[in-house]
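Written below as structure tokens is the structure these notes are about.
Residue numbers (this note's numbering): 1259 to 1654.
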């Protein structure tokens, strides 16, 4: 097997599956070479018209048997408090985003440390192997893979402003960086924005909207090799958010209602996935264990199969002590990415545009309200306010 110079000697490239090799006719290889000659470094990353959809909050109009009126997306919890205030947090219907902080992923960013430990990231060394085998320029590989690892277009503040209240966060510790605020970044194969930046946006939003509650789920941590790495990250996080904003697990739990939580200044659930750190430092840093969020990964490349899986997962939900995340999104695999070299979809964004328009109506008409809790997707904003409103409406 070959070893990739791009990632260092400890990343072993995978052999190309025969089903993939058959797709590379001479005509397609020549087509790819022409693309590589003309493709600009930021081909996939120019500002798009859809990014303009991130720039405003929504006025959400509802007409149900129990509520008729309009609520603002930036303060929907406050506006609906008379209806949802006594609801347990694990029973609220909450809009969320998948890989929430990947909006800054681009081909100009560095590869991140999750490449060496996340099995799903084997897609990148496999693509390197494909390019190498067919004499294609591997230095341009980022231009093809970056669009597959960017799952959102709106910033964290914009997401919260539009109604998102649960953030799914992957963190990578970047090597060779001394500053705590710079070394911890959101990542997905490639580096995105710093976590310090994410936390400042969360704090600004909560300062602007006093009756909203936000969950931060740091469910994947890469490159953290010592306990001191975790403590450095937590000290940095606490110094930015302020301990007064972080919900204390000794005071509140997932059994708490929205009203109970809003009776104090604490409005951020801080979930953390390193079990030893949570066991030893939960009280010191106000940590909740990520394993108390039941997040299912359907891993489907077909919408009908995905929908069936989501419904089955919800119908099996019996434990309301844990938060429960339904991920309504397809997962790109190597086959889809290779096809994307020649045809659409060429990115997660195109995948969403081609398949996700009907998700809001499906949520509204099919998903069982009694089991529903947190719902996330990719590029939620492409179809306006409909994803957000379809979930919030389930509370009424």
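Think of the CB as a built atom: it goes at the ideal place given N, C-alpha and C, for glycine as much as any other residue.
The alpha helix (DSSP H) enclosing residue i, as first and last residue numbers
{"i": "residue 1533", "result": "1533–1543"}
{"i": "residue 1633", "result": "Premise fails: residue 1633 lies in the beta strand (DSSP E), 1632–1635, not in any alpha helix (DSSP H)."}
{"i": "residue 1645", "result": "1644–1650"}
{"i": "residue 1624", "result": "Per DSSP, residue 1624 belongs to no alpha helix (DSSP H) and is neither H nor E."}
{"i": "residue 1569", "result": "1561–1573"}
{"i": "residue 1402", "result": "1399–1403"}
{"i": "residue 1518", "result": "1516–1520"}
{"i": "residue 1336", "result": "1334–1337"}
{"i": "residue 1601", "result": "First-last for residue 1601: undefined, no H or E at that position."}
Close Cβ partners of residue i (< 7 Å) along its chain, the five nearest in sequence each way excluded
{"i": "residue 1652", "result": "1351, 1627, 1630"}
{"i": "residue 1644", "result": "1618"}
{"i": "residue 1344", "result": "1515, 1517"}
{"i": "residue 1407", "result": "1360, 1363, 1446, 1447, 1448"}
{"i": "residue 1568", "result": "1556, 1584, 1586"}
For residue j and residue i, the rounded distance between their alpha carbons
{"i": "residue 1457", "j": "residue 1517", "result": "24 Å"}
{"i": "residue 1444", "j": "residue 1499", "result": "17 Å"}
{"i": "residue 1474", "j": "residue 1321", "result": "31 Å"}
{"i": "residue 1289", "j": "residue 1459", "result": "43 Å"}
{"i": "residue 1314", "j": "residue 1641", "result": "14 Å"}
{"i": "residue 1472", "j": "residue 1399", "result": "36 Å"}
{"i": "residue 1301", "j": "residue 1575", "result": "Note on residue 1301: pLDDT 45, under 50, position unreliable in the model; the coordinate value appears next. About 43 Å."}
{"i": "residue 1632", "j": "residue 1394", "result": "43 Å"}
{"i": "residue 1489", "j": "residue 1336", "result": "34 Å"}
{"i": "residue 1469", "j": "residue 1392", "result": "56 Å"}
{"i": "residue 1384", "j": "residue 1482", "result": "25 Å"}
{"i": "residue 1414", "j": "residue 1283", "result": "43 Å"}
{"i": "residue 1425", "j": "residue 1605", "result": "21 Å"}
{"i": "residue 1365", "j": "residue 1427", "result": "20 Å"}
{"i": "residue 1442", "j": "residue 1526", "result": "20 Å"}
{"i": "residue 1440", "j": "residue 1505", "result": "25 Å"}
{"i": "residue 1476", "j": "residue 1637", "result": "20 Å"}
{"i": "residue 1465", "j": "residue 1520", "result": "14 Å"}
{"i": "residue 1462", "j": "residue 1402", "result": "34 Å"}
{"i": "residue 1245", "j": "residue 1292", "result": "With the chain covering only 1259 through 1654, there is no way to say anything about residue 1245."}
{"i": "residue 1639", "j": "residue 1312", "result": "7 Å"}
{"i": "residue 1609", "j": "residue 1542", "result": "42 Å"}
{"i": "residue 1540", "j": "residue 1599", "result": "46 Å"}
{"i": "residue 1491", "j": "residue 1423", "result": "22 Å"}
{"i": "residue 1496", "j": "residue 1467", "result": "20 Å"}
{"i": "residue 1573", "j": "residue 1532", "result": "29 Å"}
{"i": "residue 1635", "j": "residue 1507", "result": "28 Å"}
{"i": "residue 1570", "j": "residue 1437", "result": "45 Å"}
{"i": "residue 1595", "j": "residue 1379", "result": "12 Å"}
{"i": "residue 1397", "j": "residue 1382", "result": "12 Å"}
{"i": "residue 1503", "j": "residue 1484", "result": "27 Å"}
{"i": "residue 1563", "j": "residue 1590", "result": "14 Å"}
{"i": "residue 1486", "j": "residue 1327", "result": "50 Å"}
{"i": "residue 1307", "j": "residue 1607", "result": "13 Å"}
8 Å Cβ shell around residue i - same chain, five flanking residues per side excluded
{"i": "residue 1612", "result": "1602, 1603"}
{"i": "residue 1550", "result": "1512, 1529, 1579, 1580, 1581"}
{"i": "residue 1654", "result": "1320, 1322, 1324, 1325, 1338, 1341"}
{"i": "residue 1371", "result": "1430, 1431, 1432, 1433, 1445, 1480, 1481"}
{"i": "residue 1545", "result": "1492, 1507, 1528, 1529, 1530, 1535, 1536, 1539"}
{"i": "residue 1452", "result": "1439, 1440, 1442, 1443, 1444"}
{"i": "residue 1346", "result": "1512, 1513, 1514, 1515, 1578"}
Cβ-based neighbour list, residue i, same chain, cut-off 6 Å, excluding 5 preceding and 5 following
{"i": "residue 1547", "result": "1536"}
{"i": "residue 1285", "result": "none"}
{"i": "residue 1561", "result": "1613"}
{"i": "residue 1647", "result": "1318"}
{"i": "residue 1287", "result": "1392"}
{"i": "residue 1309", "result": "1411"}
{"i": "residue 1334", "result": "1421, 1650"}
{"i": "residue 1478", "result": "1428"}
Limits of the unbroken beta strand (DSSP E) element including residue i
{"i": "residue 1591", "result": "Looking at the DSSP string, residue 1591 is not in any beta strand (DSSP E), and its letter there is neither H nor E."}
{"i": "residue 1582", "result": "1581–1585"}
{"i": "residue 1551", "result": "1551–1553"}
{"i": "residue 1528", "result": "1526–1530"}
Integer Cβ distance of residue i from residue j, believed to fall under 8 Å
{"i": "residue 1348", "j": "residue 1530", "result": "With a Cβ gap of about 18 Å, residue 1348 and residue 1530 do not count as contacting."}
{"i": "residue 1448", "j": "residue 1404", "result": "6 Å"}
{"i": "residue 1624", "j": "residue 1649", "result": "Contact doesn't hold; Cβ gap of about 13 Å is too wide."}
{"i": "residue 1369", "j": "residue 1450", "result": "Incorrect: roughly 12 Å between the Cβ atoms, too far for contact."}
{"i": "residue 1583", "j": "residue 1354", "result": "7 Å"}
{"i": "residue 1585", "j": "residue 1554", "result": "7 Å"}
{"i": "residue 1316", "j": "residue 1420", "result": "6 Å"}
{"i": "residue 1409", "j": "residue 1376", "result": "Not confirmed; about 14 Å, so no contact."}
Residue i beta carbon near the ligand SAH (any heavy atom closer than 6 Å)
{"i": "residue 1355", "result": "Judged by which ligands are present, the structure shown has none, so any question about the ligand SAH falls away."}
is_contact[residue i, chain B] using C-beta, thresh 7 Å
{"i": "residue 1316", "result": "Reference to chain B is not applicable here, since this structure consists of a single protein chain."}
*asked:* Which runs of the alpha helix (DSSP H) at least 4 residues long sit entirely within the stretch 1407–1492? Give them in chain order.
replied: 1414–1419, 1438–1441, 1453–1466
*Of all the beta strand (DSSP E) runs that stay within the bounds of the stretch 1307–1332, which reach a length of 3 or more residues?*
1317–1321, 1326–1330
*Continuous alpha helix (DSSP H) assignments of at least 4 residues falling wholly in the stretch 1345–1394*: 1381–1391
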